Amino acid sequence: MAWPEKQVPTTDASEKVSFGAGVFRRCDGCGETLAATELAAAFEVCPLCGQHHRLDADGWRKLLLDDGALDAWDTTLEPLDPLEFSDGKSYRDRVAIAQKKTKAREAIDIGGAALGGRPIAFGAFVFSFMGGSMGSVVGEKIARLFERAAAGGLPVVLLQASGGARMQEGILSLMQMAKAVAALERFRAKRLPFVSVLLHPTTGGVAASFAFLGDVNVAEPKALIGFAGARVIESTIRQTLPPGFQRAEFLIDHGMVDMIVPRTEMKATIGTVLDHLMRRQAPGSAPTA
Amino acid sequence: MAAFVLPFEKPVVDLVERVRELRVLSETDATLAPELARLEQETSRLARELFSDLTPIQKVQLSRHANRPYTLDYVKRLCTDFVELHGDRRFSDDPAIVGGLATYHGHSVVVVGHQKGRGTKENMKRNFGMPNPEGYRKAIRLYELADRFGLPILTFIDTPGAYPGIGAEERGQSEAIGAALAAMARVKVPIIASIVGEGGSGGALALGVANRVLVLEFGCYSVISPEGCAAILWKDGSRADEAAAALKVTAFDLLRLGIVEAVIDEPAGGAHQDYDEAARQLDAVLWPTLSALLALSPDALVDDRYDRFRRLGAFRS
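The listed protein sequences correspond, in order, to chains L and D. If you count the first sequence from 1, you need to add 146 to reach the working numbering. If you count the second sequence from 1, you need to add 23 to reach the working numbering.
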């Protein structure tokens, strides 16, 4: 590869990454060394091989939403610890650590936004927050996302990246699947579109609830998407899984998603889908001839 | 059926056996009646006492007991005129989920339940009660059939979970379960789910989006199996006992957390000791529960179900 001729600082001096590994990163796809700033500017897509690295919730907002702006809803919701769960470390401590590490309060952001001038209700999982797992707060916020979108006549665009239900909330986390899908079902009755965007990874209880119920399901290249984890399947059937199993390309082959869309085309593609689905024919507008 | 006895239930099983023997003898010798009555009472008292301090993992083991009554055992005892319906109209028929039309207290109903097998051969056929996508698609077909004809739906939950296999993923296990949740949320008829054995995660919930959820005393319901949870948390599946305790999976935990409306007592020693009595005890709660729901309008039933699940969750705002 060509070395960038000049590093153009894109951040304040106060937050710049200045030393060692922070300046350069190795592409997970082609293994080439890239300037970290170059990857970040390309929304984590390798300019050489097209490998999609994880883009955080902030990056997705900038990529999809006009001015990167989200009018965030229900930002104060925080989990309780209904089971007083501990695996050696208490659930409360795990939440506190995740909040500190991610500077997010929970594993999803929701809110109102514009996508290419179109008003939408938007949600995005924060994978770095406990693997994007769905507990009571995530379930509640997804239910509210659909309820508010239904009330406001807005389409929903939901980006998913989640390992599934949050074990530490036990059976209550399972119930979030039912709660969120019930809210989606009411939203659908309003004939408003739901574009379900499946990022890497979308598995378990999130996959097995609303993820595949989009009017249009969109996946990112190579994203891991499936119900059961690879290790669970391998130990059940005692076979090694074929290469590419549960990847986005496997899902499109089996008819489970409508399309695989590279990050660079995501905004335009979702926009076009929304235009088609929101362009309702007025009654009596059919040509009479 | 081959008797399968868990170590901790041995004393209770012995007592139940004695009662059974005495019951046979007393049929020909009326003088044994007082002794039978005494022993029955004693057995039930002892069984309660012995089972009162079972650990969560022991209750999980009871919920999976090889002799436990399964869906069709209950349907046979609760209903008449059962007509089993097969197939998802898309790919195949999944014997891990059974369903059909039946008469329950004079009402035609649709029943849908997980079905485990008795013995190796039937278990192979029924995949140990672990459905593939076509099982859930059959369930959806039956939910929609019930909706079109205004028939109440009774479901019976008893599964280790949806099957984790290559074919299941190829045919959309996730989509099938998600679509089943949506169908249950949508239908305008009463739905009552009874957890009669194991409630294994999303594969159980696909039969569980009901207006009322009942659980048998030794039924369980969990987001992940205790073994799976221990494997993830501690890389050690043998610590399932700790995981079972931490996950709060037992019937009374479920009641306390608001996941179920009622816990159904089981006969002395558990449902597997007396199928008829287990079915009678379930019926004693199931029928009044259905009667009450029959008074609601179709739209009210959908709202009732929505509100029930909308409330579930623990957070502060």
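All C-beta atoms in this analysis are idealised placements derived from N, C-alpha and C, irrespective of residue type, glycine included. A quick note: this is a predicted structure, and the numbers were derived from the prediction, not measured.
If you draw a straight line from the Cα of Leu59(D) to the Cα of Asp37(D), it is about 15 Å long.
Counting only runs of at least 3 residues, the region 277 to 314 of chain D fully encloses the following beta strand (DSSP E) elements, listed from N- to C-terminal order: 285 to 287.
Residue pairing of Met405(L) in beta bridges, as defined by DSSP: Val364(L). Under the criterion of beta carbons closer than 8 Å, Leu280(D) and Ile317(L) qualify as touching, at roughly 6 Å. Within its own chain, the residues whose Cβ lies closer than 8 Å to the Cβ of Ile215(D), once the five positions on either side in sequence are excluded, are Pro175, Ile176, Leu177, Thr178, Ala233, Asn234, Arg235, Val236, Leu237, Leu309, Thr312, Leu313 and Leu316, listed in chain order. Contact of Glu198(D) with chain L by beta-carbon distance below 7 Å involves Phe358 and Met402.
If you check the CB distance, Met153(D) and Ala119(D) come in under 8 Å. Rounded to whole angstroms, the separation of the alpha carbons of Thr349(L) and Ala369(L) is 10 Å.
In terms of Cα proximity to Asp306(D), the closest of Leu239(D), Ala263(D), Ser75(D) and Ala274(D) is Leu239(D).
Burial is judged here by how many other beta carbons sit within 10 angstroms of a residue's own beta carbon; Thr273(D) has at least 16 and is buried. Beta-carbon to beta-carbon, Asp421(L) and Val364(L) are separated by about 15 Å, too far to satisfy the 8 Å threshold. Any Cβ of chain D closer than 8 Å to the Cβ of Lys325(L) would place that residue at the interface, and such an atom is present. Looking only at Asp174(L), Gly205(L) and Leu180(L), the smallest Cα-Cα distance to Arg409(L) is reached by Gly205(L).
With three or more CB-CB distances shorter than 8 Å, the region 154 to 173 of chain D counts as touching the region 189 to 204 of chain D. Taking the Cα of Arg334(L) as reference, the smallest distance to any Cα among Arg425(L), Glu315(L), Ser319(L) and Ala297(L) is reached at Ala297(L). Our two residues, Glu184(L) and Leu229(L), have alpha carbons roughly 45 Å apart in a direct line. Taking a contact as a CB-CB distance under 8 Å, the pair Phe189(L) and Leu201(L) counts as one, their CB atoms being some 6 Å apart. Judged by beta-carbon spacing, Arg171(L) lies beyond the 8 Å limit of Ala187(L), meaning their Cβ atoms are not closer than that value. Among the residues facing chain L, Ala185(D) is included, as its CB has a counterpart in that chain under 8 Å away. Interface residue (Cβ-Cβ distance to chain D less than 8 Å): Gly390(L) is not classified as such. Of the residues Leu344(L), Leu300(L) and Gly372(L), the one whose Cα lies closest to the Cα of Arg337(L) is Leu300(L). When the beta-carbon positions are compared, Leu216(L) and Ala259(L) come within less than 8 Å of each other.
Taking a Cβ-Cβ cut-off of 7 Å, the neighbours of Leu228(D) in chain L comprise Leu320, Met323 and Ala324, given in sequence order. Secondary structure note for Phe170(L): its beta strand (DSSP E) is the uninterrupted segment Phe170 to Arg172.
Taken in chain order, the members of the region 222 to 233 of chain L whose beta-carbon sits within less than 8 Å of a beta-carbon on chain D are Thr222, Leu223, Glu224, Pro225, Leu226, Asp227, Pro228, Leu229, Phe231, Ser232 and Asp233. Bounds of any beta strand (DSSP E) do not take in Thr386(L), whose DSSP letter is neither H nor E. Taking 9 Å as the Cβ-Cβ cut-off, the region 298 to 322 of chain L approaches chain D at Gly310, Ala311, Arg312, Met313, Gln314, Glu315, Gly316, Ile317, Leu318, Ser319, Leu320, Met321 and Gln322, given in chain order.
When the five nearest sequence neighbours on each side are left out, the beta carbons in the same chain lying within less than 7 Å of the beta carbon of Ala326(L) are those of Gly285, Ile288, Ala289, Ser355 and Phe356, in order along the chain.
If only complete runs of 4 or more residues are kept, the region 101 to 156 of chain D shows the alpha helix (DSSP H) at 142 to 148, in order along the chain. In the structure shown, Glu193(D) falls within a helical segment according to DSSP collapsed to helix, strand and coil.
In the structure shown, the three-state DSSP call for Pro225(L) is strand.
No Cβ of chain L is located within less than 8 Å of the beta carbon of Cys102(D). When Phe241(D), Glu107(D) and Ala323(D) are compared, the shortest CA-CA separation from Ala285(D) is found for Phe241(D). Looking only at Leu270(D), Gly223(D) and Arg333(D), the smallest Cα-Cα distance to Ser86(D) is reached by Gly223(D).
Among the residues of chain L, those whose CB is under 7 Å from the CB of Arg339(D) are Glu224 and Leu226, following chain order. Residue burial is scored here from C-beta neighbours: Ile243(L) has fewer than 16 other C-beta atoms within 10 angstroms and is therefore classed as exposed.
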